[in-house]
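S.K.: Residue numbers (this note's numbering), protein chains in the order written: chain A, 864 to 1168; chain B, 126 to 418; chain C, 51 to 202.
Note that beta-carbon positions come from the ideal geometry of N, C-alpha and C, so glycine has one too.
Below is one structure. I have some questions about it.
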Amino acid sequence: MTAVTALRMTRAAWYKHRFSAVGLPAVFLLAALALFADGAGQRHWLGVHHLNRCLVANNTTGGSWCVASAAWASFSNPSQTPNIIAAAILALPALAGLFAGVPWVAREFESGAFRFTWTQGTSPRQWLLGTFGPLVLLSAVSAAICGAAAYWWYQIAQWQDGTSIWSWRWSSFELTPLSVGGWTVLAMALALLCGVLIRRVLPAMIAFAVAIGACAYLAQSWLRPWLFGLGPAVKQVSFGTSAGWPPSTTTYMVRTWQYHDTRWVAYQPHSHLIGLELARCGILVAVAALAVLASVWWLRIRPAD
Amino acid sequence: MNAIETRGLGKRYRRTWAVRDCHLTVPAGQVTALVGPNGAGKTTLLRILAGLATPTAGTATVLGAAPGSPQARAAVSAIDQTVPLYRHLRVAGQLGAARALNDQWDADLAAQRLSALGIATSARVGKLSGGQQAQLALTMALARRPRLLLLDEPLASLDPLARQDVLGWLMTCVAEDGLSVVFSSHVIPELERIASYLVVLSAGRIQVAATVDSLLDTHLALTGPADGVDDLYDQVEIITAQRAGRQAVVLARTAAAPAGWTARPVTMEELVLGYLREPAARVAGEPGLEIVR
Amino acid sequence: MFYLDRGSGVPTYVQFVHQVDYALRLGFLREGDQLPRIKDVTRTLAVNPDTVMKAYRELEFRGVAAGRPGVGTFITQAPDIADLRQLAGLQKKLAGWLGEAAAAGVDEVGMKALFTAALRNFNDGGGAARPSGRDGREGGVDRGVRRDGGAA
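Set out below in structure tokens:
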């Protein structure tokens, strides 16, 4: 597809899907704005009450001064709110795919409008990629912005759910630009595939919900443990001693084993976080690319009837 | 170059063949009428030619290119039976999308025609009447400056005056730009003055595919005694015979009337209805008259 | 100037040829007049342009009209018929006959039948003048277009 064609397709997409093209990034950006506002508010509050020194890694109790402080007690009062908000943020890619991505493709077929689109000067493949591509790009970028805002927000909010601070817990790992962006790309690609396979809006939405749910489940139960087993650091731990153990509370323990009297621990230190994030994002994007290729191939063998 | 060429074209849906063994050679510059009972395969044939359906068997070319290829898309405009449009858009948005999707676009023509028809650009496409939507679709199809126009009963929703106006516009495009038109129609009486090529489809197979001139030249309406019809079957090729009391009127493919029968030229209407009554009768493609412009 | 008689069963181009013939005979069309442009006819009557072209070629074949490329089709020669004064006299006599028939109680259909029968008898006797082709050949009206390309 040449640059000229891509531009024309974008213009055509703008006419047809103005609502999605504006609404979808708007949702992500509004969420980012809300997170930014809340995070800034929290930071300001902490600064006013001189509680910044209490936010020390590996120190859930915050030291004796922090423990005694009433402000700190009210701040760190355990609540489910951070987890709920985190889950809501992570639901956004799926919702984007469900309500913007699937109808984008499926309605074209269901309403019969494809019989107009495909008798103009562009081919079905050009139409599909050329109009869907910009939407995916736009939503990936706005999702990444939302993920960055969520990461920034969570640096403070993670202190509020009453559990230990740990860079590998699900909310810490998922609320990043790479994660939210990657999931959005995968969701849109799956939406495309569902729309092209099942050319009716409602059944395609159901299929998409099943597909993205399956992907989320697989990512959590299979992909995550597998990823965290990749290239761990190894540390020898003396038997019966607590020196050097745990390696640090922000690390993820992969396994321990013992040989004679010596114990070893395989773990993922905090420094590996960015590498594993990239790996996971890469896998999501690769699966998304496969879904797009499958859509294009399916469109070629069964274009209209 | 031929406007349409098909060889052994067939399309199967699950287990039934919608069209089968279609051999067509329609020269360029013709106005072709596609006639047949409902379910005969007209829509399927038009969709294949428009690139909206892939054939199961055989080949088809439009203006020398495969249907759905970039060359075909640029030169062929098609309006499907369902009059597909983006119904949630306003007319201006629909035109904008069409313009963005096409290399060649005559915006002035579109604007002039829509204002002459009284269709406001701020109106919502879905709220237009059926006739107005058909007019909009036709305007857009012709604003692309095609060389071949495929119409699947799109004029059915137009009132008589609008229909006359649209047909007049189409015929003028044929005269001025050499546009080829293929349209499916149920209105037999108007075929004689509009069509120059006739294709009759019956149960998915082509019954007739020839120029109107050659058909009218090679067929006669014979009148004679009803009890002479059986003998007549040995003398001439009878398409259909209708008895009324002691008299019979026979549509035959012959040059002269045999003894005992009077011949008169057959009208287009009689010819088409005769073939439609007898699905088993067939006319192989005849070379058309060379139209010198 | 052209019109369509849709129910008549007469092919459209034949109707056009007849209409030009009548116009010539009644003096509405004269030598040098331009026949309507093809695209004007197609727009107003919604007929295939080939039909109009066929009519014009038939007229050319008869030597009545000639086409000038890029300009149009023009009447070249009014048919060699009785002059206008004779025509007026004939029309008056015909009106007289119609008055007599009406007085005798013959209705319109009866008048047409009488006239048609008389005309057929007259033609069978070889009476009426026939339209002549460019080379003096006879031109028919029923299927005037020929497979070999007609008038070159």
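Let me see if you follow: with CB-CB separation under 7 angstroms, is residue 194(C) close to chain B or not?
M.R.: Its pLDDT being 39, under 50, residue 194(C) is placed unreliably in this model, and the value from its coordinates should be taken loosely. Not closer than 7 angstroms to any Cβ of chain B, the Cβ of residue 194(C) fails to qualify, so no.
S.K.: Could you please give me the residues that DSSP links to residue 147(B) through a beta bridge?
M.R.: DSSP, once it has assigned bridges, lists 134(B) as partnering residue 147(B).
S.K.: Would you say residue 985(A) reaches chain F, if we count a Cβ-Cβ gap shorter than 7 angstroms as a contact?
M.R.: Within the model displayed, chain F is absent; protein chains A, B and C are what it includes.
S.K.: With a 10 Å radius around its C-beta and 16 neighbouring C-beta atoms as the bar for buried, classify residue 326(B) as buried or exposed.
M.R.: Buried.
S.K.: Mind listing the chain C neighbours of residue 293(B)? Cutoff is C-beta to C-beta under 8 angstroms, in chain order.
M.R.: What residue 293(B) touches in chain C: 92, 93, 94, 95 and 96.
S.K.: Can you name the start and end residues of the beta strand (DSSP E) that residue 363(B) belongs to?
M.R.: Where residue 363(B) is concerned, the enclosing beta strand (DSSP E) stretches over 362-369.
S.K.: Only counting the same chain, and skipping five residues up and downstream in sequence, which positions put a Cβ closer than 6 angstroms to that of residue 168(B)?
M.R.: Once the five neighbours on either side are set aside, the close Cβ partners of residue 168(B) are 206 and 277.
S.K.: For residue 139(C) and chain B, any beta-carbon pair shorter than 7 angstroms?
M.R.: By this cut-off, residue 139(C) is not an interface position.
S.K.: Mind checking whether residue 1044(A) and residue 1003(A) have CB atoms under 7 angstroms apart?
M.R.: In contact: residue 1044(A) and residue 1003(A) (Cβ atoms closer than 7 angstroms).
S.K.: How would you label residue 142(C), buried or exposed, when you count the other beta carbons within 10 angstroms and need 16 or more for buried?
M.R.: So residue 142(C) ends up on the exposed side.
S.K.: Please report how far the alpha carbon of residue 882(A) lies from the alpha carbon of residue 1000(A), in whole angstroms.
M.R.: Going from the Cα of residue 882(A) to the Cα of residue 1000(A) covers about 16 angstroms.
S.K.: Check whether the Cβ of residue 88(C) lies closer than 7 angstroms to any Cβ atom in chain B.
M.R.: So yes, residue 88(C) belongs to the interface.
S.K.: Starting from residue 240(B) and walking both ways along the alpha helix (DSSP H), at which residues does that stretch end?
M.R.: 232-242 is the span of the alpha helix (DSSP H), which, as asked, contains residue 240(B).
S.K.: Using a Cβ-Cβ cut-off of 7 angstroms (strictly less than) and excluding sequence neighbours within five positions of residue 1162(A), which residues of its own chain qualify?
M.R.: Counting only Cβ-Cβ distances below 7 angstroms, and skipping sequence neighbours, we find 987, 988, 991 and 1059.
S.K.: Closer than 7 angstroms, Cβ to any Cβ of chain B: which residues of the stretch 874-902 of chain A, in chain order?
M.R.: Under the 7 angstroms Cβ criterion, the stretch 874-902 of chain A contributes 874, 875, 878 and 879.
S.K.: Closest by CA to residue 1051(A), which one among 961(A), 947(A), 1084(A) and 877(A)?
M.R.: Residue 961(A) is the option with its Cα nearest to residue 1051(A).
S.K.: Give the range of the alpha helix (DSSP H) segment to which residue 221(B) is assigned.
M.R.: Here the alpha helix (DSSP H) through residue 221(B) covers 216-226.
S.K.: Please identify, using Cβ separations under 7 angstroms, the residues of the stretch 356-389 of chain B that lie next to chain C, in order along the chain.
M.R.: Here the close residues number zero.
S.K.: If you draw a straight line from the alpha carbon of residue 1159(A) to that of residue 994(A), how long is it in whole angstroms?
M.R.: Rounded to whole angstroms, residue 1159(A) to residue 994(A) spans 13 angstroms at the Cα level.
S.K.: In whole angstroms, what is the alpha-carbon distance linking residue 332(B) and residue 167(C)?
M.R.: Each residue's alpha carbon lies about 41 angstroms from the other.
S.K.: Which residues of chain C have a Cβ atom closer than 7 angstroms to the Cβ of residue 297(B), listed in chain order?
M.R.: Result: 89, 92 and 93.
S.K.: Label residue 198(C) either buried or exposed according to how many other C-beta atoms from any shown protein chain fall within 10 Å of its C-beta, with 16 as the threshold for buried.
M.R.: Reliability fails at residue 198(C), whose pLDDT of 39 lies under 50, so the model's placement of it is uncertain and the value that follows must be treated cautiously. Residue 198(C) should be labelled exposed.
S.K.: So if I threshold CB-CB distances at 7 angstroms, which residues from the stretch 115-131 of chain C count as touching chain B?
M.R.: Those residues of the stretch 115-131 of chain C that come within reach of chain B (Cβ to Cβ, closer than 7 angstroms) do not exist; the list is empty.
S.K.: According to DSSP, is residue 891(A) part of a helix, a strand, or is it coil?
M.R.: Three-state result, residue 891(A): helix.
S.K.: If we define contact as Cβ-Cβ less than 7 angstroms, is residue 137(B) a contact residue for chain C?
M.R.: Closer than 7 angstroms: no.
S.K.: For residue 1017(A), report the span of its alpha helix (DSSP H) as first-last.
M.R.: Run containing residue 1017(A): 987-1020, per the alpha helix (DSSP H) assignment.
S.K.: Can you pull the chain B neighbours of residue 975(A), defined as C-beta to C-beta under 8 angstroms?
M.R.: Chain B residues near residue 975(A): 205, 207 and 209.
S.K.: Based on the DSSP secondary-structure assignment, which residues constitute the bridge partners of residue 122(C)?
M.R.: Residue 122(C) is bridged to 118(C).
S.K.: Within 10 Å of its beta-carbon, does residue 1194(A) have 16 or more other beta-carbons around it, so buried, or fewer, so exposed?
M.R.: With chain A running from 864 to 1168 in the structure shown, residue 1194(A) is simply not present.
S.K.: Give the C-beta separation of residue 399(B) and residue 349(B) to the nearest angstrom, bearing in mind that I take them to be a contact with Cβ-Cβ under 8 angstroms.
M.R.: Between residue 349(B) and residue 399(B) the Cβ distance is about 16 angstroms, and since that is not below 8 angstroms, they are no contact.
S.K.: At a cut of 8 angstroms, does the stretch 160-167 of chain B reach the stretch 304-313 of chain B through at least three beta carbon pairs?
M.R.: With a cut-off of 8 angstroms, the stretch 304-313 of chain B and the stretch 160-167 of chain B count as touching, because enough Cβ pairs lie within range.
S.K.: If you draw a straight line from the alpha carbon of residue 1098(A) to that of residue 1010(A), how long is it in whole angstroms?
M.R.: About 33 angstroms.
S.K.: Bridge partners for residue 308(B) per DSSP, in chain order?
M.R.: According to DSSP, which records beta bridges pairwise, residue 308(B) is partnered with 158(B) and 276(B).
S.K.: Return the residue from the list 191(B), 317(B) and 305(B) that minimises the CA-CA distance to residue 60(C).
M.R.: Selected option, being the one with the closest Cα: 317(B).
S.K.: Once DSSP output is grouped into helix, strand and coil, what is the label at residue 333(B)?
M.R.: Reduced to three states, the DSSP call for residue 333(B) is strand.
S.K.: Helix, strand or coil for residue 126(B) per DSSP?
M.R.: Coil.
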